[in-house]
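Under the working numbering, the first residue of the sequence shown is numbered 240, with each subsequent residue one higher. Each residue gets a CB set at the ideal place from its N, CA and C atoms; glycine is no exception.
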Amino acid sequence: MRDYQGGQSFNAFIICATWQGITWTYASEISPLDIRMLCVLLTTADTWLGSFIIARSTPFMISDLGYGAYFFFAAILAAMGIWSFFFVPETKVISLEEMDMLFLRPMHMAVWAQLRGQPILAEEDVMKKMLA
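So, in structure tokens, the structure goes:
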């Protein structure tokens, strides 16, 4: 059996430095208070289930595909990066009160506004929500 230690280390570094922490932070920070615990629960279950599936299937993939297994995981990682760029809005300047309003909008509208340099939430929407 060939030694794929370098590929394993690189893949683990990329996943741990990017997606592993983002899922926990994003789920706990953007979810409304009334369903936050459920969202974190689902994120935790999804993380453990995904880790289990990857841990069980990777040895078979490596024996059948060789280093092609790492190209498979790299392609998934690249697709996730592209998806998150276009469909996950930036939330660093949005308060928790405005978060519900942000996610009521279609995601493509919020992300395209962000890419054009426009505010993600229109001022009148914020004022209506604050006065309601």
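Could you tell me if residue i is buried or exposed, where buried requires 16 or more neighbouring beta carbons within 10 angstroms of its beta carbon?
i      : result
Ser290 : exposed
Ser296 : exposed
Tyr306 : exposed
Pro298 : exposed
Pro328 : buried
Ile333 : buried
Ala294 : exposed
How is residue i classed by DSSP in three states: helix, strand or coil?
i      : result
Glu329 : coil
Gly305 : coil
Thr282 : helix
Trp248 : In the sequence on display, residue 248 carries Ser and not Trp. Reduced to three states, the DSSP call for Ser248 is helix.
Leu316 : helix
Going by CA-CA distance only, name the one from the options that's closest to residue i.
i      : options                        : result
Thr262 : Gly245, Ser248, Trp287         : Trp287
Phe249 : Ile333, Ser334, Leu316, Leu304 : Leu316
Ala284 : Leu304, Gln259, Asp303         : Gln259
Assuming residue i and residue j are in contact, meaning their beta carbons sit under 8 Å apart, how far apart are those beta carbons, in whole angstroms?
i      : j      : result
Met300 : Phe311 : 7 Å
Are the beta-carbon atoms of residue i and residue j separated by less than 8 Å?
i      : j      : result
Ala266 : Cys255 : no
Thr330 : Ile274 : no
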